[in-house]
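Contents: one structure, followed by commentary.
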Amino acid sequence: MVIAIDFGTSNTVIARWNPVTQQPETLTIPGLSIQTHQSSPLIPSLVYIEEATQGKVLVGQEVRDRGFDVKNETRFFRSFKRGIGADIQGFLPEIDGQFVSFEQVGELFLNKLIAKLTAMEGGLDSLVLTVPVDSFEAYRHWLAKVCQDLPVEKIQMLDEPTAAALGYGLADQEILLVVDFGGGTLDLSLVRLDQRMQNKKPLGFLLKWGNKSLGENSAQKPKIARVLAKAGQNLGGSDIDHWVADYFAKTQKLAVTPLTIRLAERVKIQLATKNQASEVYCDDENLESYELELNREIFHNILQENGFFTQLDQSMTSILQQARRQGIEVADINAVLLVGGTVQLPAVQTWVKQYFQPEKIRCERPFEAIAQGALQLAQGMEVKDFLYHSYGVRYWDRRHQRHNWYSIIKTGQGYPMSEPVQLVLGASLENQPSIELIIGELGDQTGSTEVYFDGDRLITRRLEEGVINVKPLNDQPGARTIAQLTPPGSPGSDRIKVLFQVDEQRFLRITVEDLLTNETLLENQLVAKLS
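This is the structure:
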């Protein structure tokens, strides 16, 4: 069985390839999924840890059915995807005598989904996982580590917007703009779908490979999806939920709790189809009830006050600028595909219409397009992609008396790289025993965000203009040293050569050569695994 999982901040969607109909279909997982008349089957991205030492958890709808999503307990986790691979400021909870990280919570969530899928008829042979376009290597490396222990022969990754473009099944030779706006991220991707005449093996981020290739016998003609431009940031529906909860806290003097955030989310969802929305909040302590009312006008003001539309405009400006550098104007974009729960808000759809004609905008498959499109990767679809982030090394900026970052591999570089980038370094002290180098993945210089704690709330904060959002890959004891020098080094001459290479999985690797002894000190080493 071929499965694709769109692991989202608020909801997760699972799709499979039906070998009889040769079409994708969205799966319902009994006990975990919820389905309404308004949407496809969704699995709420929720986890409640019953027993940490044994990995016993409730996930998805199981959590809501037991009412754990509205209780202020350390065992309950929501929006945990945003914390995976992020530099979190704040403490992580101690459960059953051990500290639990967001990476562990995400692994528990995915492992339970995989266990349910492998138990289904037909088993699980091939898996495609989707990732946000703005994901840093730390997130992808975590996902790769989780996948190595899964009982699945073939596992691949694909950017969510690219998957959405494939999921809408539009004609070939079209330029598509995907606006993927979910619970945790806003991702924009400009994609061109072309027909390919020669049969080639499907590409992507190949994380694991068994003995079978499930795309080899597909009758579908292979296509190629070319990613032309990308833009993204940590902004999503969960931020809006907190803003609405803050509004009720301010106007009705209510504490912000998991229950009020859940009610704020329900109000937001109602406003997607109604001009006025309300929920009732009951305070068990003083036995009072409150009517949480909101109309679209006040809701629009809340969004505006929190810089919502400004951030949207920054992302749209970025991707249109990238497009123009390739000779693509707004009029050349054939369709705009809206995916993710947040695109259902009228305020978002109105914003998109400021840039594009209404007849070009498609919004009929907001939840299932990504998961179903990702299945195309296992059916003969080849994806040509490029690096969204730069890679750089840290240095001391004497002019500003602070550390800064020098980019060595630029945004827009295709991968896998045909030729490595070379950096030559020398010793700075007499009898220097080793050379250290801190390597990082560099986000945008403007428009970046960071994830952090405000009390027990996991939220995002906009960085100032000109600040680079950097995720160091090896800034820990033992990992910074890339070369032990025997004999020790001396100033005045080049001593080591470092070769940087990005592989087919979009991971950075280095090779280190000692120019004095002609020895290879490190060979094709994954930077995130330096120790």
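If you use full-length UniProt numbering, the sequence shown corresponds to residues 1 to 531, in order. A virtual CB, placed ideally from N, CA and C, is assigned to each residue, including glycine.
With contact counted as at least three CB pairs below 8 Å, one residue from each stretch, are the segment 286-299 and the segment 247-262 in contact? yes
| Secondary structure of S315, DSSP reduced to three states | helix
By the 10 Å Cβ neighbour count, where 16 or more other Cβ atoms means buried, how is L429 classified, buried or exposed? Flag for L429 reads exposed.
*asked:* What would DSSP say about A331, mapped onto helix, strand or coil?
replied: helix
C-alpha distance - L303 paired with E265, whole-angstrom precision: It is roughly 14 Å from the alpha-carbon of L303 to the alpha-carbon of E265.
Exercise. Leaving aside the five residues before and after T481 along the sequence, list all residues of the same chain whose C-beta is less than 6 Å from its C-beta, in chain order.
Key: S434 and E436
Checklist line | Contact set for Y355: own chain, Cβ-Cβ below 7 Å, skip 5 residues either direction | finding: M316 and V330
Please classify G183 as buried or exposed, where buried requires at least 16 other C-beta atoms within 10 Å of its C-beta.
buried
request  = Return the first residue and the last residue of the alpha helix (DSSP H) that N111 is part of.
outcome  = F102 to T118
Next on the checklist: Could you pull the DSSP bridge partners for Q372 from this structure?
Outcome noted: Paired residues: none, contrary to the question.
- Close beta carbons around E519, own chain, < 8 Å, minus the five adjacent residues each side: E513
Check your understanding: Apart from the five residues on each side of it in sequence, which residues of its chain come closer than 8 Å, Cβ to Cβ, to G28?
Key -> The residue asked about is misnamed: residue 28 is Thr in this sequence, not Gly. If we look at T28 and ignore the five residues flanking it on each side, its Cβ neighbours are Q35 and P41.
If contact is defined by three or more beta carbon pairs under 8 Å, each pair taking one atom from either stretch, is the segment 79-88 in contact with the segment 48-67? no
Q. G426 bridges to which residues according to DSSP?
A. D494
Starting from F76, follow its DSSP beta bridges and name the residues at the other end.
Y48
What does the Cβ neighbour count give for H400, buried or exposed, with the cut at 16 atoms within 10 Å? exposed
- Task: Compute the Euclidean distance between the alpha carbons of residue 538 and V13, then round it to the nearest angstrom.
- Result: Not covered by the structure: residue 538. The range shown for the chain is 1 to 531.
Exercise. State the CB to CB distance for the pair E160 and T130, rounded to an integer number of angstroms; the pair is presumed to be in contact (CB under 8 Å).
Key: The C-beta distance from E160 to T130 rounds to 5 Å, short enough to meet the 8 Å contact threshold.
Note to self: Pull the bridge partners of V20 from the DSSP assignment, please.
What the structure shows: V20 pairs with nothing; no bridge assigned.
Assigned exposure category for V20 - 16 Cβ within 10 Å defines buried
exposed
For the beta strand (DSSP E) containing V179, list its first residue and its last residue.
E174 to F181
| Coil, strand or helix - E464 by DSSP | Unreliable placement is indicated for E464, whose pLDDT of 49 sits below 50; the coordinate value is still reported in the next sentence. If DSSP states are grouped into helix, strand and coil, E464 belongs with coil.
- Where W17 and K116 are concerned, what is the direct C-alpha to C-alpha distance, given to the nearest angstrom? 17 Å
Requested in this report: Please list, in chain order, all residues of the same chain as G392 whose beta carbon is under 7 Å from its beta carbon, the five residues on each side excluded.
Outcome: W405, Y406, S407, I408, G440 and L442
Same chain, Cβ closer than 6 Å to I114, neighbours up to 5 away in sequence not counted: Cβ within range, chain order: L150.
Using the DSSP secondary-structure output, state which residues sit across from A483 in a beta bridge. I435
Please classify F99 as buried or exposed, where buried requires at least 16 neighbouring CB atoms within 10 angstroms. Its Cβ having fewer than 16 others within 10 Å, F99 is exposed.
Q: Tell me, to the nearest whole angstrom, how far the beta carbon of Q61 is from that of S33; I am working on the premise that it is less than 8 Å.
A: Indeed they touch by this definition, with Cβ atoms about 6 Å apart.
### Message
Tell me the residue span of the beta strand (DSSP E) that contains N474.
### Response
Here N474 belongs to no beta strand (DSSP E), and DSSP marks it neither H nor E.
Residues near V57 by beta carbon distance below 7 Å, same chain, minus five either side:
V47, Y48, I49, E50, L108 and K112
ask   = Taking three-plus beta-carbon pairs below 8 Å as touching, is the segment 468-487 in contact with the segment 368-378?
value = no
When the distance is taken between beta carbons, is F500 closer than 9 Å to L526? No, the Cβ-Cβ distance between L526 and F500 is not below 9 Å.
Where the beta strand (DSSP E) containing K56 begins and where it ends:
K56 to V59
Q.
Rounded to whole angstroms, what is the Cα-Cα separation between N211 and Q148?
A. The pLDDT assigned to N211 is 37, lower than 50, so where the model puts this residue is not dependable; a value taken from the coordinates is nonetheless given after this. Answer to the nearest angstrom: the Cα atoms are 15 Å apart.
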